[in-house]
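Protein chains in written order, with the numbering used here: chain A, 95 to 445; chain B, 95 to 445.
Here a beta-carbon is modelled for each residue, glycine too, at the ideal position from N, C-alpha and C.
From a predicted model like this one, the values you see are computed outputs, not experimental measurements.
Only one structure is covered here, and it is reproduced in the block below.
There are 2 protein chains.
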Amino acid sequence: MGAQVIKLTQTVNKGGCAAKIAAIELNEIINKLKFPKKQGRLIINGEQFDDAAVYKISKKLYLIKTLDFFTPIVDDPYLFGQVAAANAMSDVYAMGGRPVLALAILAYPSSVFEKQIIAKVLQGAIDNLKKANADLAGGHSIDDETIKFGLSVTGFTDNNTLWANNGALAGDKLILTKALGTGTLMAGLKFKTLSKVKLEEAYTSMRKLNNIIDIITKKEKKAIHAATDITGFGLAGHSYQMAKASRVSFKIKMSSVPVFEHVIASLKMGNLTKAHKTNADYTNKGVVIDGSLNKEERLICFDPQTSGGLLLAVDPDYCEGIIKKIKREFKMARVIGEVNPRGKQDVYFCR
Amino acid sequence: MGAQVIKLTQTVNKGGCAAKIAAIELNEIINKLKFPKKQGRLIINGEQFDDAAVYKISKKLYLIKTLDFFTPIVDDPYLFGQVAAANAMSDVYAMGGRPVLALAILAYPSSVFEKQIIAKVLQGAIDNLKKANADLAGGHSIDDETIKFGLSVTGFTDNNTLWANNGALAGDKLILTKALGTGTLMAGLKFKTLSKVKLEEAYTSMRKLNNIIDIITKKEKKAIHAATDITGFGLAGHSYQMAKASRVSFKIKMSSVPVFEHVIASLKMGNLTKAHKTNADYTNKGVVIDGSLNKEERLICFDPQTSGGLLLAVDPDYCEGIIKKIKREFKMARVIGEVNPRGKQDVYFCR
Numbered sequence: 095m096g097a098q099v100i101k102l103t104q105t106v107n108k109g110g111c112a113a114k115i116a117a118i119e120l121n122e123i124i125n126k127l128k129f130p131k132k133q134g135r136l137i138i139n140g141e142q143f144d145d146a147a148v149y150k151i152s153k154k155l156y157l158i159k160t161l162d163f164f165t166p167i168v169d170d171p172y173l174f175g176q177v178a179a180a181n182a183m184s185d186v187y188a189m190g191g192r193p194v195l196a197l198a199i200l201a202y203p204s205s206v207f208e209k210q211i212i213a214k215v216l217q218g219a220i221d222n223l224k225k226a227n228a229d230l231a232g233g234h235s236i237d238d239e240t241i242k243f244g245l246s247v248t249g250f251t252d253n254n255t256l257w258a259n260n261g262a263l264a265g266d267k268l269i270l271t272k273a274l275g276t277g278t279l280m281a282g283l284k285f286k287t288l289s290k291v292k293l294e295e296a297y298t299s300m301r302k303l304n305n306i307i308d309i310i311t312k313k314e315k316k317a318i319h320a321a322t323d324i325t326g327f328g329l330a331g332h333s334y335q336m337a338k339a340s341r342v343s344f345k346i347k348m349s350s351v352p353v354f355e356h357v358i359a360s361l362k363m364g365n366l367t368k369a370h371k372t373n374a375d376y377t378n379k380g381v382v383i384d385g386s387l388n389k390e391e392r393l394i395c396f397d398p399q400t401s402g403g404l405l406l407a408v409d410p411d412y413c414e415g416i417i418k419k420i421k422r423e424f425k426m427a428r429v430i431g432e433v434n435p436r437g438k439q440d441v442y443f444c445r
Numbered sequence: 095m096g097a098q099v100i101k102l103t104q105t106v107n108k109g110g111c112a113a114k115i116a117a118i119e120l121n122e123i124i125n126k127l128k129f130p131k132k133q134g135r136l137i138i139n140g141e142q143f144d145d146a147a148v149y150k151i152s153k154k155l156y157l158i159k160t161l162d163f164f165t166p167i168v169d170d171p172y173l174f175g176q177v178a179a180a181n182a183m184s185d186v187y188a189m190g191g192r193p194v195l196a197l198a199i200l201a202y203p204s205s206v207f208e209k210q211i212i213a214k215v216l217q218g219a220i221d222n223l224k225k226a227n228a229d230l231a232g233g234h235s236i237d238d239e240t241i242k243f244g245l246s247v248t249g250f251t252d253n254n255t256l257w258a259n260n261g262a263l264a265g266d267k268l269i270l271t272k273a274l275g276t277g278t279l280m281a282g283l284k285f286k287t288l289s290k291v292k293l294e295e296a297y298t299s300m301r302k303l304n305n306i307i308d309i310i311t312k313k314e315k316k317a318i319h320a321a322t323d324i325t326g327f328g329l330a331g332h333s334y335q336m337a338k339a340s341r342v343s344f345k346i347k348m349s350s351v352p353v354f355e356h357v358i359a360s361l362k363m364g365n366l367t368k369a370h371k372t373n374a375d376y377t378n379k380g381v382v383i384d385g386s387l388n389k390e391e392r393l394i395c396f397d398p399q400t401s402g403g404l405l406l407a408v409d410p411d412y413c414e415g416i417i418k419k420i421k422r423e424f425k426m427a428r429v430i431g432e433v434n435p436r437g438k439q440d441v442y443f444c445r
């Protein structure tokens, strides 16, 4: 039982997706690289260092491959494993696929952590993978200064309907499936300015699978023209990437955007991550935030999410039916905006 | 040019596969886990926390998935990227497959490393992947205390001939395709007891792809009954796993085992890793080393390899033809022993 004494979040400097290398830095590195001509079967190769690649096995079978790993975002090792698994699988769901198998990416100081703690992290992942009918089939583990955990996940689509992030069409409605604010809340947990009890809503959200695919019909699947999951670069960063890739403009109504309890209070306390700043820098060129939004609303746009929801660009004729179904499983899901023809800005956040 | 001042190996405590979590510790953790019943399509699920999983897409198409990552084993970032890629792809080759696509696993202190260094690591990987006709198709990167790099690699077999590690048959010959000793040599590099010039032979070996599959015929492929790659657990550890899985006994002649230049000298200097000890502990129950072997020869059995060679169990009728072909590309390849019916020990190292 002594194992429980270690508070996972206190063993690291940064937690969860807030520890991601900033998008600007990543782009500078990628711009230095020389890539050979890619294979014809590689349909999506993450030119923007996307987390998911898509490889065409046959006309009817597309392989989706992704990986994600991070430092602890929560203190409970079992929950950490659940969140890491939901977060890693999310990229497969965001492509319109279903996960099938996963390998563990594990690093930890073996002299510090009891094996029981590591086993709980892995069990959390195994149990969440099971909900997706996916197997943990091995992995790689190294002795390291701090603990990190994640998964490389492989999935498939059952036909060639892919939700790439370049498919949004003017006229589409934008649906967000989970609330925002895990960045500031988990920072508050780490800084000890927020009591544990208050964060259950966010914990429940972070461990929840983004398996929208399991609750809609085939027709509705086709009516979703583009999708991405909201993680470390925040709603601003990921909507910016999607709008740019689709060559359209997004208008997002912040008054419709779902936010967890205590998020405003946490932001007012100053619970911020480095990513709040780097995400603002990254989206500086293409994202405009209306002057009517207050400081906290602005910060929510840049809040780095861990295991955040999906942002879907949906055919307006199908939007009502789809949001109704999604809301049964994802109570915080909302229509948050619309897709317009390409304009001066890529994303416009208004009240 | 200032970027070159950082010596990668001096930024970490342990290098390469020597940083792997010890096999005993890993088994203790895995034994605590509850796995659900695995899917029927998952043919190899790494019950021993293998690095590679095999998933049956169809009778004619098997997917192989693996991942590997580690701290720098060498100071040159481009070489580090090459070695990491060769090492990660090796698990696919060890299954009889060919790699197709890869995602990067990257962690580094962004305040310490110039972007140029990270770009060189990635370029080394991209260029080595290209040799295998595989693409780097994305990845995940985090800000961390020390640098780590690796790949999750997906490959396929073109038919259902898999080189699992449980297929060795009594009467088979054992072929090792690369020399041993990277553990002690890279420790010597790190401890500054070995000059850089002397290690070219090991560098060349570590960055070389284990693409035996590309130089043999289909018939010869079928004549290889089992394969594994020699990495962190050393020749003793990996041959032990293969012999146990195949329910046979290996006899390995140390006088035939290829070893890099300067390895004996390096061992005499005391250039050892923690893995030399943990590998000996791990194999304690099933590996017997003949009393006639001297101290250095014993240590070579446990030396943790980074991007080591393949250990192949080969039908004796095909052995001569196969070793002849392999030697053209892998000059240090040797027949190092034979497979016997199950006996008192799993592996017996003799002179």
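Contact residues of the region 226–250 of chain B toward chain A are N227, D229, L230, A231, G232, G233, H234, S235, I236, D237, D238, E239, T240, K242, G244, S246, T248 (C-beta to C-beta distance below 8 Å). Following the DSSP letters along the chain, one finds S205 of chain A in no alpha helix (DSSP H), marked with neither H nor E.
For the pair F354 of chain A and I167 of chain A, the Cα-to-Cα distance works out to about 16 Å. Under a 10 Å Cβ-count criterion, K338 of chain A is classified as buried, with 16 or more other Cβ atoms of the shown protein chains found around its own Cβ.
Between L274 of chain B and V351 of chain B, the CB-CB gap stays under 8 Å.
DSSP places G261 of chain A outside both helix and strand once states are collapsed to three, so it counts as coil. Per DSSP, the unbroken alpha helix (DSSP H) holding R301 of chain B starts and ends at 294–301. Residue burial is scored here from C-beta neighbours: E391 of chain A has at least 16 other C-beta atoms within 10 angstroms and is therefore classed as buried.
The beta-carbon of Q217 of chain B is placed less than 8 Å from the nearest beta-carbon of chain A. N373 of chain A is outside the set of residues whose beta carbon lies under 8 Å from a beta carbon in chain B. Contiguous beta strand (DSSP E) elements confined to the region 312–339 of chain A occur at 318–323, taking only those with 3 or more residues. At a cut-off of 8 Å between beta carbons, V342 of chain B makes no contact with chain A. Residues of the region 102–131 of chain A that bring their beta carbon within less than 7 Å of a beta carbon in chain B comprise K108, A113, K114, I115, E119, L120, E122, I123, K126, L127, K128, F129, P130, in sequence order.
Listed along the chain, the chain A residues whose CB falls inside 9 Å of the CB of V186 of chain B amount to none; the nearest CB is some 13 Å away. Measuring C-alpha to C-alpha distances from Y172 of chain B to each of B:M336, B:K101, B:P398, B:V433 identifies B:K101 as the nearest. Any Cβ of chain B closer than 8 Å to the Cβ of S204 of chain A would place that residue at the interface, and such an atom is present. The beta-carbon of N305 of chain B is placed no less than 8 Å from the nearest beta-carbon of chain A. Taking C-beta separations shorter than 7 Å and ignoring five residues to either side along the sequence, the partners of N260 of chain A in its chain run A320, A339, S340, following chain order. Within the model, the alpha-carbon separation for G437 of chain A versus N121 of chain A is close to 24 Å. In terms of CA proximity to A113 of chain B, B:F243 leads the group B:I346, B:M183, B:G403, B:F243. Distances from the CA of K292 of chain B to each of B:L404, B:T278, B:K153 were compared; the closest alpha carbon is that of B:T278.
If you check each beta-carbon in the region 149–162 of chain A against every beta-carbon of chain B, the ones closer than 8 Å belong to Y149, I151, L155, L157, K159, T160, L161, D162. Between I199 of chain B and L161 of chain B, the C-beta gap is smaller than 8 Å, which places the two residues in contact. Here T248 of chain A is buried: its Cβ has 16 or more other Cβ atoms, across all protein chains shown, within 10 Å.
Segment contact: the region 256–271 of chain A against the region 306–323 of chain A, three or more CB-CB distances shorter than 8 Å; contact assigned. Judged by DSSP in its simplified three-state form, H234 of chain B adopts strand.
Judged by DSSP secondary structure, N373 of chain B falls within the alpha helix (DSSP H) whose first and last residues are 368–376.
For N260 of chain B, there are no neighbours in chain A by C-beta distance under 9 Å, as the nearest C-beta there is about 15 Å away. The CB of I220 of chain B comes closer than 8 Å to the CB of L127, K128, F129, P130 in chain A, given here in chain order. Looking only at A:F207, A:F250, A:Q335, the smallest Cα-Cα distance to T105 of chain A is reached by A:F207. The beta carbon of A147 of chain A sits closer than 8 Å to those of L136, I138, N139, G140, I158, K159, T160, all from its chain and outside the five residues before and after it, given in chain order. About 6 Å separates the beta carbons of V342 of chain A and P435 of chain A, which is inside the 8 Å limit, making them a contact pair.
Chain-ordered, the chain A residues with CB closer than 9 Å to the CB of Q133 of chain B read V194, L195, N227, A228, D229. Taking 8 Å as the threshold, the shortest C-beta distance from F285 of chain B to chain A does not fall below it.
Note: F163 of chain B is bridge-paired with B:G244 in the DSSP secondary-structure output. With a cutoff of 8 Å on beta-carbon distance, G328 of chain A and F396 of chain A are scored as near each other.
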